[in-house]
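Shown next, in structure tokens, is the structure this report addresses.
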Amino acid sequence: MITETLLDRDLALSKPTRKDDINKTGAWFLGSKGENADWFSKMILEAIQANTEVRNSYFPEDPHFITQEIKESEEYQNSLTTLEEEYHKLLKELKKSAPFFSMRSAGHMLWDINIPSILGYFSALLYNQNNVAAETSPVTTLLEMQVGNDLCEMLGYKTTPIHAPNQDFQPTESGIVGWGHITCDGTVANIEGLWMARNLKFYAIALQNAIRNEKILKPLSTLEIKTLRGENKRLLEVNIWESLNLPIDEVLALPSIITENHPEITIEELEKATSKYSIQTLGFFNFYQQYLSGVSQAPVAITPNTQHYSWPKAAALLGLGQQNLRIVPNGKTTRMDIDRLDAILADCVENQIPVISAVAIIGTTQEGAVDDLEKVLQLREKYRKKGLEFTIHGDAAWGGYFPSMIRSKDGSNDFSYLPISDYVVRQYQMLAHTDSITIDPHKAGYVPYPAGGLCYRNSAMRNLVAFTAPVVFHGGLDPTVGVYGVEGSKPGAAAASVYLSHRVIETNQDGYGKILSECTFAAKKFYAELACMDLEDNPFVCIPLIELPAAKEGKSKNEIIDELLFLKSRIIDVPNQEIIADKPAMELLKNMGQDQTIVTYMFNFKNADGTLNTDPKKMSDLNNELYNRLSFHPWQDDIEKTPLIVTASEFDPNNYCKKFMTYLYSRAGLSKVEDVPLNFIISTFMNPWIAATNQGELLKTYIQVLKDTVVDIINEKYR
Ligand SMILES: *Cc1c(COP(=O)(O)O)cnc(C)c1O
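This is how it looks when you write it as structure tokens:
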């Protein structure tokens, strides 16, 4: 027995969660009390020095304006004084900002930004490069390409190394490599992903019509393509429904196949001829009237009801129409109900409704739920057999850095010490099979705004959203990254920021995986604390969105209490490395609570006679008031009077399905299901140290402030 425990411990201690390993995270952040300020200041000065050196070495003989004489002039001195005064005023004003550096800030998808990212941003900012074109950003364009590769690799897409100009490189065997770039945010990345999928859906039809009408493309009348059924057919003989459902990679390969087999047609000529018939040029009305008269229903994109509002925006902007987003309701949890997705797809096949894309969310914005991507991919295979093809987009704007937890440097697949369920691990592994993914470095990448990101599994996808001739790309060097997508001018500094952050922290278990594992442990401990409030005699009850495993399995009241007592003795207050060595505790921890680090919960109060309030409106008011007291109100609050930062939202019966609302109402002890939205509180854990400092853990304070505030509100309002 003893030897076994020791052995377990040894194994656990050799894993990246060991205590001394967390020490390195101390060098990655300025520190909640600015502990690294001296060293950080020195590094910032080095950036100014380096930039000054370049200014002096670039044509040193050129005249310069700011002479000693000018510096001594009164006007110059006055000017400096104004600058300093205004600057100091600004510095003072800025102190009233929301304190996201603090351990008390665990609300939004936002915590302190890491030091490498600030140094990367600041040093590159001094050069103010514009990544819209390589000539305005010779260095930072390359950095953006490297970041694109980093993100693709973390998510499981294939890449080839970025190589220097004029250097040979080897394309991958299948010829398919991924490609990624930085966008200003996740909203734009989602828009681009859907834009690409829309254009892809209609590309083959545009090409068919170009071949029919453009003389230069006449030699292509015998061009063949493999259909979804695996038959080789002449493109011109593929009917409309089938051409809307050609295999993604077959369509994407067409431009390179054509130009390889028909040297007389250049890529520019092909592009020019095809674009005349494209949805981009014609717009929906003309495209549909001219080529899709046989299709009677508008094309759709499929998104879960837990979607971020960037999806309705995307549908509106792309002319698809918001009502043509088919919404998949959530199931008993806030993960997508896969059976309902199945039903939507069946309806699309039956009624020949073109499906542009289906979205799975890897970490929903309000609940941190990870959709069952594995089942979504299986459903696509099922419907491919029925002749339906569409892209699958992973919206991992928030959750995209979490797969770093399962990337080990030595390729090890031992995830037993990770605080996440096998289900969640599997979904991260499935990301490799999606077609496009949104991932925001400015969320769980801990870098400054603006830095969202979009990755394509097949780099040819980017040509569908470029207003230039397509480039056949097998990885390696590229003329520019700025032409692919929505944006124009964009900061090279953002690329340098993410780049340096990835080089120092690394996108694997030793880096981001380390930080996010610690955060997940903290979030699970927080969940355990919330659940264990049930063991206390409080004037309120706490309802975490996710039920305890024992309750989910329908176990008896006593068994549930046993589980709570187990949480209290074996998880809460126990150092992470000891939990890892305690197999039963680890097993429970992995499988309890939320999928990532966003914890969603609600409070209900007890009446003076000890019975539970049954009025949903009053319960919502309680949670709303709690949020008001524990959030920061611009222009009203002194930050020092806000002891905690949480955020909030509501479960609206118009958006969440009836089954789910009924379940929530009953768990909260509310009388009958009414159409009253339920407000809830969100805590997002992005701070790896909240449960582990040498001076104790702040998590305890966080819990205590929550409880005290709830009690205060009850005493003031409901007693
Ligand atoms: C935050 C978020 C977005 C949008 O990202 P922004 O960078 O805020 O534009 C999209 N999808 C999900 C799931 C998100 O959490």
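Reminder that position 647 of the sequence shown reads as 639 in the numbering used here, one-by-one numbering, no gaps.
A virtual CB, placed ideally from N, CA and C, is assigned to each residue, including glycine.
Notebook entry, point to check: Which residue's Cα is closest to the Cα of Thr44: Leu118, Ile497, Phe114?
Noted result: Position 52 of the sequence shown holds residue 44. Looking at the Cα atoms, Leu118 is the closest of the given residues.
Checklist line | Asp364 vs Arg327 beta-carbon contact at 8 Å | finding: Taking the sequence shown and counting its residues from 1, one reaches residue 364 at position 372. Taking the sequence shown and counting its residues from 1, one reaches residue 327 at position 335. Cβ atoms of Asp364 and Arg327: closer than 8 Å.
Next item on the list: Give the straight-line distance between the Cα atoms of Ile706 and Gly360, rounded to the nearest whole angstrom.
Entry: Start at 1 with the first residue of the sequence shown, and residue 706 comes out as number 714. Start at 1 with the first residue of the sequence shown, and residue 360 comes out as number 368. Taking C-alpha positions only, Ile706 is separated from Gly360 by approximately 29 Å.
Check: Can you find a heavy atom of ligand 1 that lies under 7 Å from the Cβ of Trp390?
Finding: Along the sequence shown, one-based indexing puts residue 390 at 398. Relative to ligand 1, the nearest heavy atom lies less than 7 Å away from the CB of Trp390.
Item checked: Limits of the unbroken alpha helix (DSSP H) element including Met482 -> Reading the sequence shown from its first residue, position 490 is the one you call residue 482. Residue identity check: residue 482 is Lys in the sequence provided, not Met. Where Lys482 is concerned, there is no enclosing alpha helix (DSSP H), given that its DSSP letter is neither H nor E.
Checklist line | Three-state secondary structure assigned by DSSP to Cys524 | finding: If you number the sequence shown from 1, residue 524 lands on position 532. Helix.
Next item on the list: Just mark Tyr50 as buried or exposed, buried being the case when its beta carbon has 16 or more other beta carbons within 10 Å.
Entry: The count along the sequence shown starts at 1 and reaches residue 50 at position 58. Residue environment: Tyr50 is assigned as exposed (fewer than 16 neighbouring CB atoms within 10 Å of its CB, all protein chains considered).
Notebook entry, point to check: Measuring CB to CB, does Arg449 end up less than 8 Å from Thr426?
Noted result: Translated into positions along the sequence shown, residue 449 becomes position 457. Translated into positions along the sequence shown, residue 426 becomes position 434. In this structure, Arg449 sits near Thr426, with a CB-CB distance shorter than 8 Å.
Checklist line | Every unbroken alpha helix (DSSP H) inside the stretch 76 to 141 [4 residues or more] | finding: The qualifying runs are 107 to 117.
Next item on the list: Give a single yes or no on whether Thr325 has its beta carbon closer than 7 Å to a heavy atom of ligand 1.
Entry: Counting from one through the sequence shown, the residue named residue 325 turns up at place 333. No, Cβ of Thr325 sits at least 7 Å from all heavy atoms of ligand 1.
Check: Bridge partners of Asp667, per DSSP?
Finding: As a working mapping, residue 667 is identified with position 675 in the sequence shown. Asp667 pairs with nothing; no bridge assigned.
Check: Using the beta-carbon count (16 or more within 10 Å), is Phe57 buried or exposed?
Finding: Here residue 57 refers to the residue found at position 65 when the sequence shown is read from its first residue. Classification for Phe57: exposed.
Notebook entry, point to check: Per DSSP, Ile208 is paired with what?
Noted result: Stepping through the sequence shown from its first residue, residue 208 is reached at position 216. Ile208 is not bridged to any residue.
Next item on the list: Could you tell me if the beta carbon of Thr654 falls within a distance shorter than 7 Å of some heavy atom in ligand 1?
Entry: For the purposes of this step, residue 654 is taken as residue 662 along the sequence shown, with counting starting at 1. False, no ligand heavy atom lies under 7 Å from that Cβ.
Check: Should Asp177 be listed as close to ligand 3, given that the test is whether its C-beta is under 7 Å from any heavy atom?
Finding: For the structure depicted, ligand 3 is absent and the ligand set comprises only ligand 1.
Next item on the list: Return yes when the Cβ of Ile572 is within less than 8 Å of the Cβ of Tyr619, no when it is not.
Entry: On the sequence shown, residue 619 is found 627 positions in, with the first residue counted as 1. On the sequence shown, residue 572 is found 580 positions in, with the first residue counted as 1. Contact annotation: Tyr619 and Ile572 have beta-carbon atoms that are not nearer than 8 Å.
Checklist line | Neighbourhood of Leu527 by C-beta distance below 6 Å, restricted to the same chain and skipping five residues each side | finding: Within the sequence shown, numbered from 1, the residue matching residue 527 stands at position 535. Scanning its chain for C-beta atoms nearer than 6 Å, with the 5 sequence neighbours on each side dropped, one finds around Leu527 the residues Leu556, in chain order.
Notebook entry, point to check: According to the Cβ coordinates, are Ala740 and Tyr694 closer than 8 Å?
Noted result: No statement about residue 740 is possible, as the shown extent of the chain runs from -7 to 711 and does not include it.
Notebook entry, point to check: Taking the Cβ atom as the reference point for each residue, do Lys582 and Pro346 lie within a distance shorter than 8 Å?
Noted result: In the sequence shown, counting from the first residue as 1, residue 582 sits at position 590. In the sequence shown, counting from the first residue as 1, residue 346 sits at position 354. Contact check for Lys582 against Pro346 fails: the beta carbons are separated by 8 Å or more.
Item checked: Coil, strand or helix - Tyr448 by DSSP -> Residue numbering aside, residue 448 sits at position 456 when the sequence shown is read from its first letter. Of the three classes helix, strand and coil, the one that applies to Tyr448 here is strand, per DSSP.
Notebook entry, point to check: Unbroken alpha helix (DSSP H) runs of length 4 or more, entirely within the stretch 515 to 597: which are they?
Noted result: Within the stretch 515 to 597, the complete alpha helix (DSSP H) runs of at least 4 residues fall at 541 to 544, 549 to 562, 568 to 573, 575 to 583.
Next item on the list: Give a single yes or no on whether Gly444 has its beta carbon closer than 7 Å to a heavy atom of ligand 1.
Entry: Indexing the sequence shown from 1 puts residue 444 at position 452. Flag set: Cβ of Gly444 near ligand 1.
Next item on the list: Run through the stretch 322 to 387 for me and flag every whole alpha helix (DSSP H) of 4 or more residues, listed as ranges in chain order.
Entry: List check, alpha helix (DSSP H) in window: 330 to 342, 365 to 376.
Notebook entry, point to check: Skipping 5 residues on each side, what residues in its chain have a beta carbon closer than 6 Å to that of Glu617?
Noted result: Translated into the one-based positions of the sequence shown, residue 617 becomes position 625. Contacts found: Ile705.
Note to self: Rounding to the nearest angstrom, what Cα-Cα distance links Asn253 and Leu262 in this structure?
What the structure shows: Locating residue 253 in the sequence shown gives position 261, where the first residue counts as 1. Locating residue 262 in the sequence shown gives position 270, where the first residue counts as 1. Take the alpha-carbon of Asn253 and the one of Leu262: they are about 13 Å apart.
Check: Any heavy atom of ligand 1 closer than 7 Å to the CB of His363?
Finding: Here the question's residue 363 lines up with position 371 in the sequence shown. In the sequence as presented, His is not what sits at residue 363; that position holds Asp. Ligand 1 has no heavy atom closer than 7 Å to the beta-carbon of Asp363.
Check: Can the beta-carbon of Leu246 be found less than 8 Å from the beta-carbon of Leu209?
Finding: For the purposes of this step, residue 246 is taken as residue 254 along the sequence shown, with counting starting at 1. For the purposes of this step, residue 209 is taken as residue 217 along the sequence shown, with counting starting at 1. In this structure, Leu246 sits away from Leu209, with a CB-CB distance that is not shorter than 8 Å.
Check: Would you say the stretch 331 to 341 touches the stretch 305 to 323, given that touching needs at least three Cβ pairs under 8 Å?
Finding: By the Cβ test, the stretch 331 to 341 is in contact with the stretch 305 to 323, since at least three Cβ pairs between them sit closer than 8 Å.
Note to self: Is Ile174 a contact residue of ligand 1, with contact defined as CB to any heavy atom under 7 Å?
What the structure shows: In the sequence shown, counting from the first residue as 1, residue 174 sits at position 182. Every heavy atom of ligand 1 is 7 Å or more from the Cβ of Ile174, so no.
Notebook entry, point to check: When you compare only the Cα positions, how much space is there between Phe597 and Lys544?
Noted result: Your numbering for residue 597 matches position 605 in the sequence shown. Your numbering for residue 544 matches position 552 in the sequence shown. The C-alpha of Lys544 is placed about 23 Å away from the C-alpha of Phe597.
Check: Does the count of Cβ pairs from the stretch 177 to 190 and the stretch 287 to 306 closer than 8 Å reach three?
Finding: Touching, yes.
Check: If you measure from the CB of Lys435, is any heavy atom of ligand 1 nearer than 7 Å?
Finding: The sequence position of residue 435 within the sequence shown is 443, counting from 1. Within the cutoff, so yes.
Next item on the list: Consider the C-beta atom of Ser675 and the heavy atoms of ligand 1; say whether any pair is separated by less than 7 Å.
Entry: As a working mapping, residue 675 is identified with position 683 in the sequence shown. Closer than 7 Å to some heavy atom of ligand 1: that does not describe the Cβ of Ser675.
Checklist line | ligand 1 heavy atom lying under 7 Å from the CB of His425 | finding: As a working note, residue 425 is residue 433 in the sequence shown. No, since every heavy atom of ligand 1 falls outside the 7 Å radius drawn around the Cβ of His425.
Next item on the list: Within its chain, find whatever has a CB closer than 8 Å to the CB of Ile564; leave out the 5 residues flanking it on each side and keep chain order.
Entry: For this step, residue 564 is matched to residue 572 along the sequence shown. For Ile564, where only same-chain residues beyond five positions count, the Cβ hits under 8 Å are Lys517, Ala520, Glu521, Cys524.
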